[in-house]
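Peer 1: Submitted below is the structure of interest, expressed as structure tokens.
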Amino acid sequence: MYPTLLLLHSFARWAVLILIVYSIYRAAAGLISNRPFAKTDNAFRHWTATAAHIQLMIGMLLYTQSPLVSSFWHHYRTAFHDLNLTFYGLIHSALMLAAIVLLTIGSAMAKRKPTDVEKFRTMLVWFSVALLIIFIAIPWPFSPLSGRPYLRTF
Ligand code: HEM
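The numbering used here numbers the first residue of the sequence shown as 122 and each following residue consecutively.
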């Protein structure tokens, strides 16, 4: 189960990133061109939040299966000296959780805004902050916190 979850979690990252980046692009373009908030904009708002929620579920399952997380909690007094353990036991999960909460609030607020300009602006701001946090918390191969591959093949 652990390898499957890791594989799914690694791939789902790209779905979340592509959807959030495209939603931000649509929100910025909509705001600049002052066009109406279309059904497609609403669909991307919705599917971006849904993809993030699916990734959250996979991440939470992975958290219960990961040997790194287990090692972090079994040796938490000394684990803080090991950046790799602290990253997965605390930093990655806490930052991603915060980002998904912000994304969810932004999505819900945008849905309820009365004007199209406010819908675009709300999505642009909240999704951009969430993207920034997600980008920092992803273990990119170049990340100083923890390096993982762009695509997991095993
Ligand atoms: C948008 C949200 C998230 C993204 C984009 C993301 C992305 C990633 C990526 C790319 C990896 C490395 C996968 C690999 O080694 O190939 C990873 C590992 C991991 N993530 Fe996430 N993650 C997210 C949310 C979460 C959340 C919310 C949790 C926990 C509550 C979580 C728990 C973990 C754990 C435990 C590992 C690694 C476990 C191990 O190597 O043993 N992730 N994540």
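Glycine included, each C-beta is placed from N, C-alpha and C at the ideal position.
1. Pair every Cβ in the segment 202 to 218 with every Cβ in the segment 156 to 170, then say whether three or more of these pairs are closer than 8 Å.
2. Any heavy atom of ligand 1 closer than 7 Å to the Cβ of tyrosine 143?
3. When you compare the CB positions of serine 154 and tyrosine 184, do they come within less than 8 Å of one another, or not?
4. My output table needs one value for serine 187: the three-state DSSP class, helix, strand or coil.
5. Classify tryptophan 247 as buried or exposed, calling it buried when 16 or more other Cβ atoms lie within 10 Å of its own Cβ.
6. When burial is assigned at 16 or more other CB atoms within 10 Å of the CB, is threonine 243 buried or exposed?
7. At a threshold of 7 Å, does isoleucine 255 count as lining ligand 1 (C-beta to nearest heavy atom)?
8. Using the C-alpha atoms, what's the distance from proline 188 back to alanine 229?
9. Closest by CA to leucine 245, which one among Phe165, Leu128, Ala219 and Met122?
10. Assign lysine 160 to buried or exposed, taking buried as 16 or more other Cβ atoms, counted over all protein chains shown, within 10 Å of its Cβ.
11. Assuming isoleucine 257 and leucine 218 form a contact by the criterion Cβ under 8 Å, report the distance between their Cβ atoms to the nearest whole angstrom.
12. Going by the C-beta, is serine 264 closer than 7 Å to any heavy atom of ligand 1?
13. Alpha carbons only, please: which of Ile226, Arg269 and Ser131 is nearest the one belonging to valine 250?
14. Please classify arginine 166: does DSSP put it in a helix, a strand, or coil?
15. Tell me the residue span of the alpha helix (DSSP H) that contains serine 267.
Peer 2: In this structure, then:
1. no
2. Translated into positions along the sequence shown, residue 143 becomes position 22. Because no heavy atom of ligand 1 lies under 7 Å away, the Cβ of tyrosine 143 does not count as near it: no.
3. Here residue 154 refers to the residue found at position 33 when the sequence shown is read from its first residue. Here residue 184 refers to the residue found at position 63 when the sequence shown is read from its first residue. No; because the gap between Cβ atoms is not below 8 Å, this pair is not in contact.
4. Walking along the sequence shown from the start, residue 187 turns up at place 66. Looking at serine 187 - three-state DSSP - the assignment turns out to be coil, as it is neither helix nor strand.
5. Position 126 of the sequence shown, counting from 1, holds the residue named residue 247. With 16 or more Cβ atoms within 10 Å of its Cβ, tryptophan 247 is classed as buried.
6. The residue given as residue 243 occupies position 122 in the sequence shown. Under this definition threonine 243 is a buried residue.
7. Looking up residue 255 in the sequence shown gives position 134. Because some heavy atom of ligand 1 lies under 7 Å away, the Cβ of isoleucine 255 counts as near it: yes.
8. Within the sequence shown, residue 229 is the residue found at index 108, counting from 1. Within the sequence shown, residue 188 is the residue found at index 67, counting from 1. In a straight line, the C-alpha of alanine 229 is about 35 Å away from that of proline 188.
9. The residue given as residue 245 occupies position 124 in the sequence shown. The shortest Cα separation from leucine 245 among Phe165, Leu128, Ala219 and Met122 belongs to Phe165.
10. Here residue 160 refers to the residue found at position 39 of the sequence shown. Exposed, since its Cβ has fewer than 16 Cβ neighbours within 10 Å.
11. Within the sequence shown, the letter at position 136 stands for residue 257. Within the sequence shown, the letter at position 97 stands for residue 218. Contact doesn't hold; Cβ gap of about 14 Å is too wide.
12. Along the sequence shown, read from residue 1 onward, the residue named residue 264 stands at position 143. No, ligand 1 has no heavy atom inside 7 Å of this Cβ.
13. Along the sequence shown, read from residue 1 onward, the residue named residue 250 stands at position 129. When the alpha-carbon of valine 250 is set against those of Ile226, Arg269 and Ser131, the nearest one is in Ile226.
14. Sequence index remark: in the sequence shown, residue 166 carries index 45 (1-based). Reduced to three states, the DSSP call for arginine 166 is helix.
15. As a position in the sequence shown, residue 267 is number 146, starting the count at 1. Per DSSP, serine 267 belongs to no alpha helix (DSSP H) and is neither H nor E.
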